[in-house]
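Chains as they are written, first to last, in my numbering: chain A, 1 to 336; chain B, 337 to 622. Glycine included, each C-beta is placed from N, C-alpha and C at the ideal position. Quick notes on the structure that follows.
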Ligand SMILES: Nc1ncnc2c1ncn2[C@@H]1O[C@H](COP(=O)(O)OP(=O)(O)OP(=O)(O)O)[C@@H](O)[C@H]1O
Ligand SMILES: [Mg+2]
């Protein structure tokens with residue numbers, strides 16, 4: 001259907017602004033702030049793209065725009081090489097069928113009043129016309145795939161642990177054999193002891209079913225283990241991306257360097273960014289958004305926003321420290 | 337993360353309200369089988385035995401355990417028939433108010449935006465609705481009828497249901513399972529019916545139970561004022577009104593239906609409170 005070169009999903013210039021949540025009753029509303037700012041990336045077929053960055057930088061918002069749970073102010077999605085148009089009913093249906101999600105909180109992911117078998121079968125029921133017998137068979141299959149007893153399909157969610165619930169969420173996500181699963185911090189709410197099992201389950205399912213992942217995670221060790229590609233977000237924009245190996249070996253952007261550096265000094269299981277300054281940092285009108293925190297900032301950083309450009313064959317970074325290797329044509333516009 | 341999760345394994349412990357349950361059960365049985373259970377035709381006039389006191393009082397007859405009214409009609413039989421009328425009206429009003437309120441409350445909560453604003457404004461105005469006045473006007477213009485009483489009650493009830501359901505939906509719709517259903521292609525209608533309704537069902541049962549008493553009291557008041565169910569149908573409110581002229585000599589005519597109202601309303605409210613604690617500890621404000 002699509003050749004291996006076509007990315008399963010291409011994200012082009014996604015942008016979202018929110019009016020700040022904390023607005024006093026009598027103060028005049030503050031202007032909306034850009035939470036996601038012209039984010040572009042692509043997810044290769046069968047590959048895992050990790051989206052990393054500190055808390056509040058816009059990862060979840062990006063994911064929810066991809067999932068059509070939040071409407072983007074600007075930007076477009078290309079699904080299997082074609083611009084996603086939800087008014088095209090066939091395309092909308094295919095997108096709903098081929099793109100699934102697993103979220104962070106396993107307690108919120110399941111309806112307490114719905115048997116887990118029904119929850120797992122839901123994508124199947126909404127998108128196919130299989131009869132009850134066939135559905136039950138598929139449910140049993142995927143339950144086995146995620147390491148649970150098929151007889152548990154009749155149980156209600158409260159009978160399961162967090163790790164089991166996340167397995168159920170994964171079973172539900174893979175039942176339609178999707179092309180892409182958006183994983184928004186799939187293991188960070190779980191006990192450290194079960195995280196690795198769930199990560200391995202995800203890796204194994206991907207190997208078997210050949211789907212792509214968009215993996216949002218704080219845990220850089222997992223990212224390094226799981227991801228083929230990585231995109232680093234800072235305050236709504238991608239500051240660096242490239243093949244995971246390359247970026248981990250030679251991080252170019254000072255923010256990426258700081259992020260990786262910080263991760264080396266924290267115990268596994270704790271979050272890398274305890275000093276969360278994403279919201280506190282002053283919005284820079286012009287210039288690089290990281291300039292105020294950047295140890296290598298120089299005059300130009302405060303006056304001109306750097307654009308994301310190639311610094312190595314497949315690696316791009318948005319930083320004035322690096323002159324573009326290739327011609328201007330390679331440059332992806334990120335300048336306002 | 338686990339703080340707000342529903343955990344049916346740990347309902348608040350409290351003994352069952354056996355007395356209230358007994359009264360409610362008895363009321364239901366009487367309402368359904370009133371015709372089979374009565375000792376007398378409740379509309380049969382017996383002038384020879386008019387104004388008989390209850391059996392335990394001087395002059396009372398076993399044949400008329402709760403006494404007779406000024407036409408010699410059996411008060412017990414009339415109270416029993418009145419049970420059916422009162423509960424039917426409450427049921428009709430609750431069915432109407434419940435269905436309209438649940439549908440509109442769900443839509444308001446789930447859709448949000450201007451739809452929510454319009455529906456909730458409407459609900460607020462219906463809550464401020466002068467039901468007694470409207471019922472009186474309707475009784476005068478269209479004539480007093482059982483269905484009209486139910487309708488007037490329903491017009492207030494729907495707004496109470498809509499408010500409750502909307503509030504609940506606002507919290508439930510933020511759960512990930514709703515987002516996940518949308519990701520898999522579920523429509524708003526599907527989400528409301530399959531995901532939201534089952535989760536608000538408990539609150540719904542509690543509110544409905546608590547509103548039975550309200551409906552019975554308001555219906556009785558309307559009938560008492562002559563804006564409810566017209567005579568000769570035996571109703572609790574109507575009987576209380578009829579007995580007022582004899583309140584000094586034949587107090588039982590008003591008192592017996594009054595006690596019936598009291599017991600039934602009390603029983604439904606106790607039951608509702610108990611259900612609220614058992615099913616839905618978050619529902620303290622209703
Ligand atoms: N509905 C909303 N209304 C207003 N602001 C919002 C809304 N949703 C998100 N935001 C804001 O947008 C910013 C980005 O949020 P987002 O959830 O995308 O971050 P994140 O990268 O996923 O963070 P985390 O790692 O903590 O999950 C935050 O500052 C958040 O407060
Ligand atoms: Mg997030």
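- Taking the CA atoms as reference points, residue 612(B) sits about 41 Å from residue 218(A).
- The C-alpha of residue 99(A) lies about 11 Å from the C-alpha of residue 518(B).
- Chain order is used for the residues whose beta-carbon lies nearer than 5 Å to a heavy atom of ligand 1, namely 18(A), 21(A), 35(A), 55(A), 56(A), 57(A), 58(A), 59(A), 60(A), 61(A).
- The C-alpha of residue 288(A) is placed about 5 Å away from the C-alpha of residue 301(A).
- What residue 67(A) touches in chain B, judged by beta-carbon distance under 7 Å, is 519, going in chain order.
- In terms of Cβ geometry, residue 422(B) and residue 572(B) form a close pair [threshold 8 Å].
- Of all alpha-carbon atoms in 6(A), 75(A), 319(A), 61(A), the one lying nearest the alpha-carbon of residue 44(A) is that of 6(A).
- Selection 310(A), 309(A), 314(A), 319(A) evaluated against residue 295(A) yields 319(A) as nearest (Cα-Cα).
- For residue 185(A), the shortest C-beta to heavy atom distance toward ligand 2 is below 7 Å.
- By the neighbour-count definition (other C-beta atoms within 10 Å, threshold 16), residue 221(A) is an exposed residue.
- Beta-carbon to beta-carbon, residue 357(B) and residue 607(B) are separated by about 7 Å, close enough to satisfy the 8 Å threshold.
- By the beta-carbon neighbour count (other beta carbons within 10 angstroms, threshold 16), residue 111(A) is buried.
- Boundaries of the beta strand (DSSP E) harbouring residue 233(A): 229-234, taken from the DSSP string.
- Cβ neighbours of residue 548(B) within its own chain (closer than 6 Å, five residues either side excluded): 426, 604.
- Under the 8 Å Cβ criterion, the stretch 586-605 of chain B does not count as touching the stretch 487-506 of chain B, having fewer than three qualifying pairs.
- Under a 10 Å Cβ-count criterion, residue 225(A) is classified as exposed, with fewer than 16 other Cβ atoms of the shown protein chains found around its own Cβ.
- Counting only unbroken stretches of 3 or more residues, the beta strand (DSSP E) elements lying wholly within the stretch 190-232 of chain A are 212-216, in sequence order.
- By the Cβ-count criterion, residue 479(B) is exposed, with fewer than 16 other Cβ atoms from all chains shown falling within 10 Å of its own Cβ.
- Closest by C-alpha distance to residue 513(B), out of 157(A), 193(A), 180(A), is 157(A).
- Residues of chain B whose Cβ lies closer than 7 Å to the Cβ of residue 101(A) are, in chain order, 516, 519.
- The stretch 400-445 of chain B is shown to contain no whole alpha helix (DSSP H) run of 4 or more residues.
- Cβ-Cβ separation between residue 405(B) and residue 375(B): approximately 15 Å, too far for a contact (criterion under 8 Å).
- Around the beta carbon of residue 32(A), fewer than 16 other beta carbons sit within 10 angstroms, so the residue counts as exposed.
- A distance below 8 Å separates the beta carbons of residue 407(B) and residue 381(B).
- By the neighbour-count criterion, in which a residue is buried when 16 or more other Cβ atoms sit within 10 angstroms of its Cβ, residue 361(B) is exposed.
- Under the Cβ distance rule, residue 522(B) counts among the residues neighbouring chain A, one pair being separated by less than 8 Å.
- In this structure, DSSP gives residue 181(A) an extended state, which the three-state scheme calls strand.
- Distance from the CA of residue 17(A) to the CA of residue 313(A), rounded to the nearest whole angstrom, comes to 32 Å.
- Each of 481(B), 585(B), 600(B) was checked against the Cα of residue 389(B), and the nearest Cα belongs to 585(B).
- By the Cβ rule, the stretch 51-65 of chain A counts as touching the stretch 182-190 of chain A, because three or more pairs are nearer than 8 Å.
- With at least 16 other beta carbons inside 10 angstroms of its own, residue 205(A) counts as buried.
- The Cβ atoms of residue 196(A) and residue 163(A) do not sit closer than 8 Å to each other.
- The beta carbon of residue 525(B) does not come within 8 Å of any beta carbon belonging to chain A, so the residue lies off that interface.
- Taking the CA atoms as reference points, residue 434(B) sits about 31 Å from residue 123(A).
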